[in-house]
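Chains as they are written, first to last, in the working numbering: chain A, 1 to 317; chain B, 1001 to 1317.
There are 2 protein chains.
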Amino acid sequence: MYYLGVDIGGTTIKVGIVDKTGKIIASSFIKTEKLPPEKQIEKVGVQIKNLLDSNGVKNSAVIAVGAGCPGAINGKMGIVGYSSNLKWTNFNLRENLEKVTGKPVRIANDADAACLGEVIFGSAKNYNTVIMLTLGTGVGGGIVIDKKLYEGPNGMSSELGHIVMKKGGIPCGCGRRGCFEKYASATALVRLTKEKMLKDKNSKMWELVGGDIEKVNGKTAFDGERLNDKSAKKVVSKYIEYLGEGILDYCNIFRPDAIVIGGGISNEGEFLTNKIVKYLEKYEYGYKGTPKSAVLIATLKNDAGIVGAASLVAEEF
Amino acid sequence: MYYLGVDIGGTTIKVGIVDKTGKIIASSFIKTEKLPPEKQIEKVGVQIKNLLDSNGVKNSAVIAVGAGCPGAINGKMGIVGYSSNLKWTNFNLRENLEKVTGKPVRIANDADAACLGEVIFGSAKNYNTVIMLTLGTGVGGGIVIDKKLYEGPNGMSSELGHIVMKKGGIPCGCGRRGCFEKYASATALVRLTKEKMLKDKNSKMWELVGGDIEKVNGKTAFDGERLNDKSAKKVVSKYIEYLGEGILDYCNIFRPDAIVIGGGISNEGEFLTNKIVKYLEKYEYGYKGTPKSAVLIATLKNDAGIVGAASLVAEEF
């Protein structure tokens, strides 16, 4: 028996057949087209049928379908309120997917689904209450309480990158200033790295990017630290401080069993988490003297979209 | 049929007989003594018996007992991990209260219980998912999701005053700097008021405190604004900005049905909430363009301890 995970993005729509352990046994993708959403989902119906057929999986072996989608989703209602990537507005995704598959469907915001995927099938499967922070272009978030996704009573919760850490600080796309994501995203780390490099022309980080500052990425400062570069160390230390402060905030709010770090920066693995834990342990109140939260690296990586979507139905069906 | 609400404080222990609508029909208090906690709870047993007897309520009319207690509480286990007010450590409050009452008991941190009280019986009874901010000496917090208290998997969550709003800002008792409560508590408002008064010797706020700056309280700036005092208006506006930013943070995290404001500052009523809503409505992303949260004033006031405690058992029994 299998679940289907549908990962709807602005560029492609991926579908995967996922077994009960969270393993993708087959997957396919189609391009996202500029179609009315109903028509697009009809195409997903065909995509699903083809995927099942070509892998010899009977339709009756499919238990249920989960779908993750960018934008403002109301999971309870099954509705995509608005997705700027897809240009969908007030679209009943659940109903339409149920029509083309004949299976029960659950939908969620894709970042939320990825978080649940980590808790059901990934890094945090031994934990129940988990906060996920995805460190990429921005800082994405997910909240899972007792193995269930928290999405807010009307959806659109868990914008964990948008709490103000530095009042009056860097302007944020959300309209406020000094949001956590302006200091803890991969984008922020790149900014901090560039700023430091411009102040230290002798930093080894210049070699790492072949003298071209535009080649700085979220790995540059960490690589520099591994080469024992003093400026790189300072950049990483500053970044960990920002990230650590945000994590302490979420510890004080939720005291979760675990914090899962995802996104590009999470590729640093234990090199990153060891530093984070060391920072957190400075604080008796927020971390050391209170129920501790494990700090984990997300493990689903590129499978997070499909497996996360499948996890939306894995506990219920 | 009734609930009993037990409000355990460092100075007094209050017990109330609470009906199914959340009304206290009778209550009594005893002094908190320096006793081993087991002995103290035996005395509460006597207090309960006397209260029931003197009000002609039969023991069989009591359904269940809820108890709120300051400190680090593990509600699931029924244990007071540590309470600095009471000097209790790892005390099984639930078991001991069950022994002396013969009724099912649920316990929680007192601030958490007060929040649940507002949702079950108070200002937020028409709402399911609610964040409460208590603006007093510090900023206390409570989280209720779908009419259930969120306490963290091992308790000690919901320290909503301890998120960093101004990194590197005012040192906080928790060990970090720039916590929300340093800018949004009544204490913070008093500080802002005094600072402004010292800069404006002509402010009407001086008359309000009879020329004695030590008489400034959380009402002074609001009273000054009502007298149209320019400096008072600036103080209030600054305070609302801090408070509003914190509320926007919690909107972005939870998108709750409602935010309930409690504590001394909440006595300002709609004069306060109107200002907060006006501030929140500036922000499309955090408030206006997303599912809106109602902003309410806590209504249980002095009954919050007993009624909040009773609310811990009101949904289950």
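Built from N, CA and C at the ideal position, the CB exists for glycine as well. If you're wondering where the values come from, they're calculated on a predicted model, not measured in any experiment.
Put simply, the region 1039-1049 of chain B touches the region 1088-1102 of chain B. At least three CB pairs are less than 8 Å apart.
Contact between L1208 (chain B) and D1223 (chain B) holds, since their C-beta atoms are separated by about 5 Å, short of 8 Å. For the pair N1217 (chain B) and T1134 (chain B), the Cα-to-Cα distance works out to about 16 Å. Against chain B, a Cβ distance below 8 Å from V277 (chain A) picks out nothing, because the smallest value is about 17 Å. With respect to the 8 Å criterion, S1266 (chain B) and A1298 (chain B) are classified as neighbours on the basis of their beta carbons. For D257 (chain A), the C-beta contacts it makes with chain B under 7 Å involve P1153, in order along the chain.
For the options B:K1278, B:M1205, B:D1257 and B:R1226, the alpha carbon positioned closest to that of N154 (chain A) is the one of B:D1257. Assignment of beta-bridge partners to C1069 (chain B) by DSSP yields B:N1109. Listed along the chain, the chain A residues whose CB falls inside 8 Å of the CB of Y1002 (chain B) amount to none; the nearest CB is some 31 Å away.
Excluding the 5 residues flanking it on each side, N1074 (chain B) has same chain C-beta neighbours closer than 7 Å at G1081, N1154 and G1155, in chain order. Beyond the five residues adjoining it in sequence on each side, F29 (chain A) comes within less than 6 Å, by CB distance, of T12 and K14 in the same chain, given in chain order.
Contact between N85 (chain A) and G10 (chain A) is confirmed by a C-beta separation of about 3 Å, below the 8 Å threshold. Straight-line measurement puts the Cα of L300 (chain A) at about 6 Å from the Cα of G122 (chain A).
G1218 (chain B) is outside the set of residues whose beta carbon lies under 8 Å from a beta carbon in chain A.
With a cut-off of 8 Å on Cβ pairs, the region 1304-1313 of chain B is in contact with the region 1107-1125 of chain B, counting three or more such pairs. Under the 8 Å criterion on CB atoms, N1050 (chain B) is classed as non-interfacial with respect to chain A. Any Cβ of chain B closer than 8 Å to the Cβ of T89 (chain A) would place that residue at the interface, and such an atom is absent. Taking a beta-carbon distance threshold of 8 Å, R1106 (chain B) does not count as an interface residue toward chain A.
Between I107 (chain A) and A67 (chain A) a beta carbon distance of about 5 Å is seen, short of the 8 Å cut, so the two are scored as contacting. Taking a beta-carbon distance threshold of 8 Å, C1174 (chain B) counts as an interface residue toward chain A. In the DSSP assignment, S1083 (chain B) falls outside any alpha helix (DSSP H) and within the unbroken beta strand (DSSP E) covering I1079 to S1083. T134 (chain A) is outside the set of residues whose beta carbon lies under 8 Å from a beta carbon in chain B.
The alpha-carbon of A1113 (chain B) is positioned some 13 Å away from that of G1022 (chain B). Residues of the region 157-169 of chain A with a C-beta less than 9 Å from any C-beta of chain B: S157, S158, E159, L160, G161, H162, I163, V164, M165, K166, K167, G168 and G169, listed in chain order. By the neighbour-count definition (other C-beta atoms within 10 Å, threshold 16), G269 (chain A) is an exposed residue. Under the 8 Å Cβ criterion, the region 1246-1261 of chain B does not count as touching the region 1190-1198 of chain B, having fewer than three qualifying pairs.
Between V1260 (chain B) and I1024 (chain B) the beta-carbon gap is near 20 Å, outside 8 Å, which marks them as no contact. Just so you know, the alpha carbons of S1060 (chain B) and Y1003 (chain B) end up roughly 11 Å apart. By the CB criterion at 8 Å, K1196 (chain B) and S1231 (chain B) fall inside the cutoff. Bridge pairing for S1054 (chain B): absent [DSSP]. Interface flag for I1145 (chain B) against chain A is set, since a Cβ pair is found closer than 8 Å.
C-alpha of G1071 (chain B) to C-alpha of T1187 (chain B): approximately 21 Å in a straight line. A check of alpha carbon separations from S1157 (chain B) across A:G78, A:E241 and A:G289 identifies A:G289 as the nearest. Within 8 Å of the CB of P1291 (chain B), the CB atoms of chain A belong to G152, P153, N154, G155 and M156, in sequence order along the chain.
Residue-level contact by beta carbon fails for D303 (chain A) and chain B, as no gap is shorter than 8 Å. Shown here, A309 (chain A) sits in a helix according to DSSP, grouped into three states.
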